[in-house]
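**Q**
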Amino acid sequence: MNLICYFRVVSFYNSDFMKLLIIISFLSIFSLKSNAHDYYFAFAEMELNKESQKLEVTLILNSHDISHWLENKNFTLLDLEEPTLEKNLKEGLNNFLLSGFKISHKSEHYKLIFKGILLKDDGNIEFYFESQKKVEQDEVNITFDLLMNQYNQQQNKLIYLKELKKETYEFLSSKKSQIIKL
Amino acid sequence: MKTKLLLLLTLLPTLLFGQHKFAQLKEELATPNVYRNAAGAPGHEYYQQKADYKINVSLNDSDQTIHGEETITYTNNSPDQLTYLWVQLDQNRKSLDSDSKLINVEKMENFKSVNQLELKSLNFDGGFKIKEVRLSNGEDISYFINKTMLRINLNEPLKTNSSISFNISWWYNINDRDILNARSGFEYFPKDKNYLYTIAQWFPRMCVYNDVEGWQNKQFLGRGEFTLPFGDYEVNITVPSGHVVTATGELQNQKEILTKVQLERLEKARNASEPIFIITPEEALKSEKLKTKALKTWSFKAENVRDFAFASSRKFIWDAQGVDVNGKNILAMSFYPKEGNPLWERYSTKLVAHTLKVYSKYTIDYPYPVAISVHTKWMGMEYPMICFNGGRPNDDGTYSEQKKYSMWGVIIHEVGHNFFPMIINSDERQWTWMDEGLNTFVQYLTEQEWERNYPSKRGPANKIVNYMSGDKNNISPIMTNSESILQFGNNSYGKPATALNVLRETVMGRELFDYSFKVYCERWKFKHPTPADFFRTMEDASSVDLDWFWRGWFYSTDNVDVALTNVRHFITDSISGNKKVIIEEKINEIELELKQPITIGTLRNLESISTTLNEKDTSINDHYGWKRKKFNDSILEFAYNKDINHVEHDFQPNDNRYYYELTFNNIGGLVSPVIIRAFLENGTTEIIRIPAEIWLKNDKEVSKVFVFKYKVKGFQLDPFLETADTNMSNNVWPARKTPSRYKLFMKNKK
């Protein structure tokens, strides 16, 4: 069967109606490819920098997930290969990614600052962030629901690097947030 | 009470043994019989049915409908009398009353707007409209349609070794792929007002009747694909005269259909080592504009195939080249609109040719006369001799590296499906992994021979760890029916492909694996294998007990996570003359500096693949080539060139002896070989390979003593990322901190 169902949605049509048709095609009763989508993961790796007391975060997405978003904004993956990202693209990406990955403690929200991007050979794209403020609490609440609104089967995973150990946290549509002891 | 206790105690070892990781697969596999033997080969009374088709079909370009009539000649080779026959009506999945609509799970949150909800009610009148079913001698025959299946009630039972012919006529509406996503359909190009049709599951097709399922008439719900008998096809396809048609099989009336120039080019292409245009981009562009109402009929014949698909459009550019597969010349072809370029004219046919060669090496010689790749916007789907493949550049002809690799991967994968399941004809309705998994595995081998260190998405063991370490509530065993699988792609494509790679590289070794895999393919070409036939053949041809492997990788959702939990160091010391004692010595733990790991496949391929295709044919290398070259140049820099195999049998009397007791814990539950790299104080590194059978008596914790001539600075498990170990942080002793991706990025940025 098809292998590249992970193209998910194509950009060919720009009218709102066509976009809706395309989206519904993945939700529709006739949809095969959405069922056959081969990859419903996004990853994050996080570490508390003991010197700066800031959280360092890498978000790892498959390029097809980004392709979809880019194409809707009239960009392509080629634009991510530029040494300096266009301002609109950088801001848009930032908003898209960070709407699905949030760090907070009680009512305090930790803003993340975009530090860079790397297109990997394996088809993944890594986005690097650092918390703007120092994190002085001994725990934070992570909400990691990136792409869950788009895809029913989306499940995300965070690896927290803690000294010599790695702690893994799963995020599902039924469990979008978790408390992590730093 | 005493009797019950005694009975329980008597049965306890059996009960426990039954659950053991190394227990033989007895209950799980069907009992060998005269149709399928215990060695995994077809039995001495193996049989299969035959279905031959003669079809006339017309494609109406003005209302996007298909109208067809067929004569099916069905031959009963089974020992059973058949009182009815089952025919598949796959298009009915798109009918207004399809079950697929009802069983699709939805939440209101899936619908983001009122418009989307309204579109949910948009109904497409798909599905076969059956006009007539009649015996070929003109007699009436009754039939009954049960959703996607049609039962023909025979007037008299069909006896062993006899045939029956009957006619069916039908029509249906073709779906627009962009609205009603499916394997088959059309794409409309608004700029030039043309259609591109990729047509499949378009005629009523016979079900398989065999010794395993009886009639395989499980309803088509959308995911579990097709189970079809072999047969011969004669198909006449009538389309608008400006259309170019390509299909399963060989064109029979090319002298009537093609121009003299096209015929000459086609003849030349048969022996060309590079693709040659039969229809050039300029000619296709001209054709796009000619919308005549006249019709043309293209005639095709295909022998010993399980299905038939075709594609038709005014937009097709057509190129072809010859491929020599062990002395047989095969015509590799591609059909694509201008929107596919520049990727398609540069790569498609070369990918087809390469795939046929590499697959033929690892499986069976490609038996058909042609192999065809047809362009679609984004999907991929396979049929005998022909497949529909996505990968379209941006409107301005630029493309990302990822898009290129996606297109390459899809073409290799879909052409590869010719072998699994088109020839090695497994039951797709039941077991997706038997074709997708095996095909994805050989796809990986093919990709690695296309370009040095091709960044294959699936195959290498380390690519599956995120899936296998995921929430077990969202993972199914590979041995799950196609319709019930969770995480379809990872389950049916990725995990089985990885499992076969682990078998090849780590459990069996390449020589034993390749031989056994080829035996399986040879045994079951043009036949219907089951999982048991595969499992048994791989063991039977290799003399390796793999029941633990199938049990762990295919029947469970366990993952590999072996931890090195303790290391003790001992030396011999002399006291009072020659008397020696063993004393435990405290270890000075210093953090190891580890290099970037290189996978076992990458390392071995450096030797086993002397020249990849892109090293022979440098025209494959595009503007992204420099990145691959840089990556490849860095490989050896990372490699531990001094790795040597650890041996303990050549110690001389005066050699120093340093003893290390290592304790391993099986945290993930899946038993696995244990691969250890020892870092010695003299600067060398030694590799120890322990078979999975070390876990035979205790699958939770084992220890092992090793003797070295030098002190050991540290140990590392799975140094070549070959076991799919899901947690590398517990693999190193002394324990070390893994640098984060963020830190590595910032370091490289500086």
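If you're matching them up, the sequences are chains R and U in order. Under the numbering used here, the residue at position 8 of the first sequence is numbered 8, and the numbers go up by one with no gaps. Under the numbering used here, the residue at position 257 of the second sequence is numbered 1257, and the numbers go up by one with no gaps. By construction, the Cβ of each residue, glycine as well, lies at the ideal position given by its N, Cα and C atoms.
1) Between U/1547, U/1114, U/1462, which has its C-alpha nearest residue 1025 of chain U's C-alpha?
2) Below 9 Å on C-beta distance, what does residue 1737 of chain U contact in chain R?
3) Taking the alpha carbon of residue 1125 of chain U as the reference point, which residue from U/1149, U/1097, U/1647 has its own alpha carbon closest?
4) May I ask you to report which of helix, strand or coil DSSP gives residue 1100 of chain U?
5) State yes or no: is the C-beta of residue 1198 of chain U within less than 8 Å of the C-beta of residue 1388 of chain U?
6) Can you tell me whether DSSP reads residue 1569 of chain U as helix, strand or coil?
7) Using the C-alpha atoms, what's the distance from residue 1732 of chain U back to residue 1036 of chain U?
8) Can you pull the chain U residues whose beta carbon is under 9 Å from the beta carbon of residue 43 of chain R, in chain order?
9) Pop quiz: residue 1150 of chain U and residue 1204 of chain U are said to be a contact at Cβ under 8 Å. What is the actual Cβ separation, rounded to whole angstroms?
10) Find out if the Cβ-Cβ distance for the pair residue 1373 of chain U, residue 1352 of chain U is shorter than 8 Å.
11) Are residue 182 of chain R and residue 135 of chain R closer than 8 Å when you measure CB to CB?
12) Would you decide whether residue 1292 of chain U is buried or exposed? Buried here means 16 or more other CB atoms lie within 10 Å of its CB.
13) Against chain U, with Cβ distances strictly below 8 Å, would residue 121 of chain R count as a contact?
14) Residue 102 of chain R touches chain U at which residues, Cβ-Cβ below 7 Å?
15) Indicate the three-state DSSP secondary structure (helix, strand or coil) for residue 1345 of chain U in the structure shown.
16) Run the CB neighbour count on residue 1618 of chain U, radius 10 Å, all protein chains shown included, and call it buried at 16 or more, exposed below.
17) Counting Cβ pairs, one atom from each stretch, are 3 or more of them under 8 Å apart for the segment 1269-1285 of chain U and the segment 1318-1327 of chain U?
18) Assuming residue 1092 of chain U and residue 1068 of chain U are in contact, meaning their beta carbons sit under 8 Å apart, how far apart are those beta carbons, in whole angstroms?
19) For the segment 50-71 of chain R, list every residue whose C-beta sits within 8 Å of some C-beta in chain U, in sequence order.
20) If you check the beta carbons only, do residue 1497 of chain U and residue 1459 of chain U fall under 8 Å apart?
21) With DSSP as the reference, label residue 1700 of chain U as helix, strand or coil.
22) Okay, do the segment 1173-1186 of chain U and the segment 1071-1086 of chain U touch, 3+ Cβ pairs below 8 Å being the bar?
23) Exposed or buried, residue 1494 of chain U, counting other C-beta atoms within 10 Å across all chains shown (16 or more means buried)?
24) Is the Cβ of residue 116 of chain R closer than 8 Å to any Cβ of chain U?
25) From the DSSP output, which residues share a beta bridge with residue 1319 of chain U?
26) Answer yes or no: does any C-beta atom of chain R fall closer than 8 Å to that of residue 1457 of chain U?
27) Taking its Cβ as the centre, do 16 or more other Cβ atoms sit within 10 Å of residue 179 of chain R, making it buried, or is it exposed?
28) Check for me: the alpha helix (DSSP H) holding residue 1747 of chain U runs from which residue to which?
29) Which residues does DSSP list as the beta-bridge partners of residue 1387 of chain U?
30) Report yes or no: is there a C-beta of chain U within less than 8 Å of the C-beta of residue 177 of chain R?
31) Taking 8 Å as the CB-CB cut-off, is residue 1188 of chain U touching chain R?
32) I'd like to confirm the pairing. Which residues does DSSP put opposite residue 1260 of chain U in its beta bridges?
33) Alpha helix (DSSP H) containing residue 1604 of chain U: first to last residue?
34) Closer than 7 Å between beta carbons: that is the criterion. Which residues of the segment 73-102 of chain R meet it against chain U?
35) Relative to the alpha-carbon of residue 1704 of chain U, which residue among U/1688, U/1221, U/1719 has its alpha-carbon at the smallest distance?
36) Does at least one heavy atom of the ligand MN sit under 7 Å from the Cβ of residue 1739 of chain U?
**A** Short version:
1) U/1547
2) 161, 163, 164
3) U/1097
4) helix
5) yes
6) strand
7) 46 Å
8) 1466
9) 6 Å
10) yes
11) yes
12) exposed
13) yes
14) None at all; the shortest Cβ gap to chain U is about 18 Å.
15) helix
16) exposed
17) yes
18) No, residue 1092 of chain U and residue 1068 of chain U are not in contact; Cβ-Cβ is about 15 Å, not under 8 Å.
19) 56, 57, 58, 60, 63, 64, 67
20) yes
21) coil
22) no
23) buried
24) yes
25) U/1277, U/1334
26) yes
27) exposed
28) 1741-1749
29) U/1373, U/1382
30) no
31) no
32) DSSP output for residue 1260 of chain U lists no bridge partner at all.
33) 1600-1608
34) 76, 77, 78
35) U/1688
36) The ligand MN is not among the ligands present in this structure, which contains no ligands whatsoever.
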